[in-house]
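Asker: Just dropping this structure here.
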Amino acid sequence: MRYVITGASRGIGFEFVQQLLRRGETVDAGVRAPELARRLEPLLLEAGSRLRIHPLDVTRPESVQAFAERICREPVDVLINNAGVAGQWSGLHELDYEDLARTIEVNALGPLRITSALLPALRHGTGRKVAHVTSRMGSLSSNTEGGAYAYRMSKAALNMGVRSMSNDLRREGLACVLLHPGWVQTDMGGQDAPLPPEESVRGMLRVIDSISLEHSGRFFDYEGAEVPW
Ligand code: NDP
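Here it is as structure tokens:
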């Protein structure tokens, strides 16, 4: 199967690439900064042509277009929209609106741009799945603490976008889901996080493997439990 992953330079995205290659899959990895692609190069030694590394900034339309032109030469089975930023954690009286807009641009608009640009390749694939790495922090009913405006709002917008997308694409037989990875030890999650990336990604791959059209438009955590909206 052929998988496309965004935000593959580190953290959860990098772990997705490693685990999928170990399973024998083919992976196209989107990496924002060319100098960060070097982190993936050791994986090429073993994976050879099963790993392809592409420059991709999900906020730049020309970057997304160039990425799509390369990817859409062959069918794609599974797309994993993983790239994301945390944004500033500031309180209501110190909001940085530029940061807020940038966070929404990456976390909510980026996945829409990518899915839309890769649709021709997804339509020709046999996997017919699009997984979006979101966060429980984008769940309205789970928000009892406030704060984290940029991150929460961006992920809530992503969740709604994916719900619409799932309705639009269901008739084409494409399943779209949202995945909460847990609190994971990455640059974003920090070292106090309880979950190593290996465990989170192992769980999310199990969920992705089990998805069919009946799961489309739903929100799961890395253990497969449904997350309240
Ligand atoms: P990291 O900060 O470790 O990695 C983020 C990745 O996203 C990097 O590869 C980064 O690239 C990439 N990225 C950021 N901006 C862009 C952009 N404009 N275009 C392309 N790629 C970009 O985060 P995690 O691995 O922890 O997070 C991955 C996903 O999981 C995110 O969507 C996050 O919101 C979500 N998540 C994480 C949790 C956690 O506890 N870690 C909890 C809940 C959700 P670069 O290296 O170039 O900056």
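In the working numbering, the protein residues as written are 166 to 394. In this text, a Cβ means the ideal position worked out from N, Cα and C, and glycines have one as well.
Check residue 193 in the structure and name its three-state DSSP category.
Answerer: Of the three classes helix, strand and coil, the one that applies to residue 193 here is strand, per DSSP.
Asker: Using DSSP with H/G/I as helix, E/B as strand and the rest coil, what is residue 279?
Answerer: Three-state result, residue 279: helix.
Asker: Using a Cβ-Cβ cutoff of less than 7 Å, which residues in the same chain neighbour residue 184 once the five nearest sequence positions on both sides are dropped?
Answerer: Same-chain partners within the cutoff: 366, 367 and 370.
Asker: Quick one: using the 10 Å Cβ neighbour count with 16 as the cut-off for buried, is residue 246 buried or exposed?
Answerer: By the 10 Å Cβ count, residue 246 comes out buried.
Asker: Closer than 8 Å is the cut-off here; do at least three beta carbon pairs connect the region 272-289 with the region 230-248?
Answerer: The region 272-289, when compared against the region 230-248, does touch it at the 8 Å Cβ threshold.
Asker: Whose CA, out of 289, 188 and 317, lies closest to the CA of residue 266?
Answerer: Nearest of 289, 188 and 317 to residue 266, Cα basis: 317.
Asker: Which ranges does the beta strand (DSSP E) cover as unbroken runs of at least 3 residues, wholly within the region 330-381, from first to last along the chain?
Answerer: The qualifying runs are 340-345.
Asker: Spatial neighbours of residue 305 within its chain, please: C-beta separation below 8 Å, excluding the five flanking residues on both sides.
Answerer: The residues are 321 and 394.
Asker: Skipping 5 residues on each side, what residues in its chain have a beta carbon closer than 6 Å to that of residue 376?
Answerer: Result list for residue 376: 294, 340 and 342, in chain order.
Asker: Quick one: Cα of residue 282 to Cα of residue 384, how far?
Answerer: Near 23 Å, if we compare the C-alpha coordinates of residue 384 and residue 282.
Asker: Thinking C-alpha only, which one of 226, 206 and 188 is nearest residue 174?
Answerer: Closest option to residue 174, Cα to Cα, is 206.
Asker: Is there at least one non-hydrogen atom of the ligand NDP closer than 7 Å to the beta-carbon of residue 345?
Answerer: Yes, the Cβ of residue 345 comes within 7 Å of a heavy atom of the ligand NDP.
Asker: Can you tell me whether DSSP reads residue 240 as helix, strand or coil?
Answerer: The answer is coil: DSSP assigns residue 240 none of H, G, I, E or B.
Asker: Look up residue 261 in the DSSP assignment and say whether it is helix, strand or coil.
Answerer: In this structure, residue 261 counts as coil in the three-state DSSP scheme.
Asker: Considering only their Cβ atoms, is the gap separating residue 228 from residue 220 smaller than 8 Å?
Answerer: Their beta carbons are under 8 Å apart, which means residue 220 touches residue 228 by this criterion.
Asker: Shorter than 7 Å, the distance from the beta carbon of residue 175 to the closest heavy atom of the ligand NDP, or not?
Answerer: Checking the Cβ of residue 175 against the ligand NDP gives yes.
Asker: For residue 374, is the classification buried or exposed, using 16 other Cβ atoms within 10 angstroms of its Cβ as the cut-off for buried?
Answerer: Residue 374 is exposed by the Cβ-count criterion.
Asker: Short check: CB of residue 244 to CB of residue 212, under 8 Å?
Answerer: It is not a contact, given that the beta carbons lie outside the stated cut-off.
Asker: Got a sec? Which residues, its chain only, sit under 6 Å from residue 167 by beta carbon, not counting five neighbours each side?
Answerer: Once the five neighbours on either side are set aside, the close Cβ partners of residue 167 are 191, 241 and 242.
Asker: Find the nearest neighbour of residue 355 within the set 255, 172, 196 and 177, judged by alpha-carbon distance.
Answerer: Looking at the Cα atoms, 177 is the closest of the given residues.
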